[in-house]
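In numbering that gives the first Met the number 0, the protein residues as written are 0 to 681.
In this text, a Cβ means the ideal position worked out from N, Cα and C, and glycines have one as well.
Source: prediction; values computed, not measured.
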Amino acid sequence: MFTNKPRFFACFIFLLPIFLLAEDGSLLWLRYDPVTAAQAAGRHIIVAKPMGAIVQVAKTELDTYWRGPTVDLVLDKKMKHLNEGYQLKWKKDHLQVVAYKDRGLLYGAYHLLRLQQEGRDLQGIDLTEIPDYDVRILNHWDNLDGTVERGYAGRSLWKWDELPTAISPRYAAYARSNASIGINAVVLNNVNASPDILRPDYLLKVKALADVFRLYGIQVYLSINFSSPKVIGGVHDSDPLNPEVRAWWKAKVREIYKSIPDFGGFLVKANSEGQPGPQDYNRTHADGANMLADALAPYNGLVMWRAFVYNPTNEDRAKQAYLEFVPLDGAFRDNVIIQIKNGPIDFQPREPFTPLFGAMKETTQMIEFQITQEYLGFSNHLVYLAPLFKETLDSDTYASGKGSTIAKLTDGTLRTAKRTAIAAVANIGEDSNWTGHNFAQANWYAFGRLAWNHSLTSDQIASEWIRSTFTPHEEFVQPIKQMMLESREAAVNYMMPLGLHHIFAFDHHYGPEPWGDRQGGRPDWMPWYYHNANSAGLGFDRSATGSNAVSQYFAPLDRIYGDLETCPENFLLWFHHVPWSYQMKNGRSMWAELCYKYDEGVQQVRAFQQIWDKLESHVDSQRFADVQSKLKIQAKDAVWWKDACLLYFQTFSEQPIPYAIERPIHELEDLKKIKLKLKHHN
Ligand code: GCV
């Protein structure tokens, strides 16, 4: 395990205290040392009375961990513009945190602790932080039987069988971690929702969790099953225009708010992948969403209605959400937000943004990211997702002219909204390090930080996270940051470069299966549907000569994407079926470039291994070994991806793999036999 033994032993004596404290990652980025009595002497955490429960938490955190000067936590009801934000400033010899809401003081307290942990100088500090989105929400795809759909960090954190009697200490630890990065809401259960979640016995369990989370400023939302009135309510159907159905939802919502007065609202996956919905009764998404919105409105509750809809029709899957939702623009109540995945297919390693963003001018929209790495090597691969999140948020849709980025369309800048929101599917489970891979913690962290401030750079976020999670030593921070910043592109390279997408093994989405085909299976779940490899070339023709998905983008993007010559090369095979011999900008043929990209991905992961091993002396032994072994898996998987894709596509290109790059080490026929027994819970 120790790759640099001599150096390790030389500095063993000095590093002993660190090595004795083996860390399992459970502290996340919150590795604060409690203050000693001497450090606390003379410094006070001052709070005006009466003090709400959230402010009490802020005070306790500072009392326990703050080593700086006296801090004054001030609630100022004149500072409405701060919303849930805060000001941090020096006042003579002490620090002041000023907020309009209790939550603001809590966030301000965590900001101070973060600066302390990063080793920053606070002298003269004067800053104002206001969150970019009102609702910063994690979506858990947790099932009531304790499994997690697309979860790779163990079983669900929520112990439904033990609730409401037993309250695991991890509930508060989870809420605290979220609060420390500004997350203020969670959806507890899978969007493929069991109607049971709305039964009175489950609502008691939900209430127990909400009672814990409230202390950390976190509101609870639930995913609902659209057929609930019929399945658990004894109503004849679940037609949104049926008065009995509407009355059932109203009564259910009243029941929820009676025990959870700050309940957030509902998340709904309807008429998608077999889930029930209003279309079962020839009603529209708007009919369904508005019925729920009307029930929630008296309590200020929200409906987050997902636009992830597609059916196995002749229409390109990438076009379907737009086709279904744009005609409904303006038909939704103002407490409905349409929740849209970042890309038009499904959380692929790289997708252009979903063209629905900005295309509904009278409807509030929010983005949904996926933190859990369903399509990015599960919790085995080190893939830092901030660059992916930023790529979408910063994408210019041109919906209201140049500069109409998705961030500005969804944060209230370009479109007025009753409330703005941003969501991501969590990667959290009961593993001791919460996320399976120690570096996957960075993706939870990055989502929270970007939901707070989408102008932060991936670089800044990585730097904060590394300093807090490992060490502020620059010799460690710089190379690890570079590795993280490169890691998403590396994954794209060894999995699906140049705009390839969805060529995963059926069902579990882990390894490559570009040859994949299931007799009788849905075409839009088959890799060939997406890559279209044949002797002429590779890729999905979405130009005017193909599905014309490009027409859903605002000018000039429709033209830029639609023309092979102007289409960005990282989206080439997304929008075009490209001849193998097509000449790329660097002069290589498309086939050769594909080979070089796959190879580059492999080389990048090998470099990550070297970076990590070299920095062993900076990391505690357990986390060092955990990450080291995961990188080995990633390196093997990268070669597997490269060989599988190149050997398979070579059967169509009929051209050699350029001799300058590493030779395949597998036989295609052997790779085709690999059938992983990975569970997927739908
Ligand atoms: C929760 C993809 C995933 C499904 C997921 C679905 C969704 O299809 O593979 O597991 O279901 O997206 O986002 O609803």
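Between residue 31 and residue 116, the beta carbon gap of about 6 Å places them in contact (Cβ cut-off 8 Å). The way I'd put it, the region 548-565 doesn't touch the region 367-384; fewer than three beta-carbon pairs between them come closer than 8 Å. Between the region 354-364 and the region 414-433, the count of C-beta pairs closer than 8 Å reaches three or more; the two stretches touch. 7 Å or more divides the Cβ of residue 89 from the Cβ of residue 67. Residue 629 counts as buried, since no fewer than 16 other beta carbons sit within 10 angstroms of its beta carbon. Less than 7 Å divides the Cβ of residue 237 from the Cβ of residue 226. Secondary structure within the region 615-644: not one fully enclosed alpha helix (DSSP H) run of 4 or more consecutive residues is present.
If you draw a 10 Å sphere on the C-beta of residue 407, you find 16 or more other C-beta atoms in it, and that means buried. At least 7 Å separates the beta-carbon of residue 375 from that of residue 509. A residue is called buried once 16 or more other Cβ atoms fall within 10 Å of its Cβ, and residue 232 is buried on that count. When C-beta atoms of the region 464-473 are compared with those of the region 196-210, fewer than three pairs fall below 8 Å, so the two segments do not count as touching.
Sequence-distant Cβ neighbours of residue 671 in its own chain, meaning closer than 7 Å and more than five residues away, are 514. Between residue 189 and residue 424, the C-beta gap is not smaller than 7 Å, which leaves the two residues out of contact. In terms of Cα proximity to residue 265, the closest of 258, 288, 276 and 272 is 288.
Taken atom to atom, the span from the alpha-carbon of residue 429 to that of residue 165 is near 16 Å.
By the 16-neighbour rule on beta-carbons within 10 angstroms, residue 102 is buried.
The C-beta distance from residue 303 to residue 336 rounds to 5 Å, short enough to meet the 8 Å contact threshold. Residues of the same chain with a CB within less than 7 Å of the CB of residue 470, apart from the 5 flanking positions on each side, are 617 in chain order. Excluding its 5 nearest sequence neighbours in each direction, residue 300 has C-beta neighbours in its own chain below 6 Å: 264, listed in chain order. When the five nearest sequence neighbours on each side are left out, the beta carbons in the same chain lying within less than 8 Å of the beta carbon of residue 520 are those of 505, in order along the chain.
Under the three-state reduction of DSSP, residue 141 is assigned to strand. In the structure shown, the three-state DSSP call for residue 413 is coil.
Boundaries around residue 88 are those of the beta strand (DSSP E), 85-90, since no alpha helix (DSSP H) includes it. Under the three-state reduction of DSSP, residue 536 is assigned to strand. Comparing alpha carbon positions, the residue from 242, 351, 110 and 493 closest to residue 64 is 110.
Across the structure, residue 570 and residue 501 are spaced so that their CA atoms are roughly 14 Å apart. Setting aside the 5 residues that flank it on each side, residue 239 is surrounded in the same chain by 277, 282, 286, 287 and 290, each with a C-beta closer than 6 Å to its C-beta; the list follows chain order. Distances between the C-beta of residue 648 and the heavy atoms of the ligand GCV are all 6 Å or more. At a threshold of 6 Å, residue 149 counts as near the ligand GCV, since its beta carbon sits closer than that to one of the ligand's heavy atoms.
With contacts defined by Cβ atoms closer than 7 Å, residue 174 and residue 212 form a contacting pair. Put simply, the backbone Cα of residue 334 is about 34 Å away from that of residue 377.
Residue 98: member of the beta strand (DSSP E) spanning 93-98, first to last residue. Fewer than three Cβ pairs drawn from the region 349-360 and the region 439-452 lie within less than 8 Å of each other, which leaves the two stretches out of contact.
With fewer than 16 other Cβ atoms from the protein chains shown falling within 10 Å of its own Cβ, residue 664 counts as exposed. Secondary structure note for residue 267: its beta strand (DSSP E) is the uninterrupted segment 264-267.
Remark: fewer than three beta-carbon pairs, one from each stretch, lie closer than 8 Å, so the region 633-649 and the region 25-43 are not flagged as touching.
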